[in-house]
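Accompanying notes for the structure given below.
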Amino acid sequence: MIRYHNEDFGNSIEVFVTLLLLVFIFFHVNAASETPCPPGCSCDNDGEWRCVSNNLVRIPSPLPENITSLVLTSQNIPTIYRNDFSGVQRLLKMKINNCNVLNIENGTFENLTELEMLNLDSNRLTTIDVNLFGGLHSLRFLDLSYNEEISIQNGIFTDLPF
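Read in order, the letters of the sequence shown correspond to residues -31 to -1, 1 to 131 in mature numbering (1 follows the signal peptide of the UniProt record, and there is no 0).
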């Protein structure tokens, strides 16, 4: 009887099982941390979210960390809250139009330092606080058209790069 014993084979199985377990844990954690696309919205792998006429009453939460573009059109979102964009830092483009927005809390945009385009047209904004756009160091385009008669305080655009 010939008996062959290979210690490397046993070690190989051990390594394989360990790697398999790590891969499983990695995908399980990533799947659990992904933010699901809201019903009626289209969301792609490039970080672009688009929600049109699907009766949202708040900004979807939580937004994924890798979101680069957010388009919300024809919704009913009366208030945009300060924490609606917490944890989001790569957002480049945001369009929230025709959403019946009445109020945007101070500090809402302060962490969106990469935001280049902000479109808030066709809402119901009447007042914009002097500090609302603080932190938008990369902003190149701002649209506030077709809102109510907006009261704009002196110095509101002072910190904007354009």
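All residues carry an ideal CB built from backbone N, CA and C; glycine is no exception.
Here the structure is a predicted model, which means the values were calculated and not measured.
Out of Y115, I97, M63 and D128, the CA that lies nearest to the CA of L105 is found in D128. A residue is called buried once 16 or more other Cβ atoms fall within 10 Å of its Cβ, and T96, having fewer, is exposed. In the DSSP annotation of this structure, the continuous segment of the beta strand (DSSP E) that includes I65 starts and ends at K62 to N66.
Per DSSP, reduced to three states, the secondary structure at R19 is strand.
For D128, there is no enclosing beta strand (DSSP E), as DSSP marks it with neither H nor E. In the three-state reduction of the DSSP assignment, N80 falls in the coil class. In the three-state reduction of the DSSP assignment, D98 falls in the coil class, being assigned neither a helical nor a strand state. Per DSSP, reduced to three states, the secondary structure at N45 is coil, with no helix or strand assignment.
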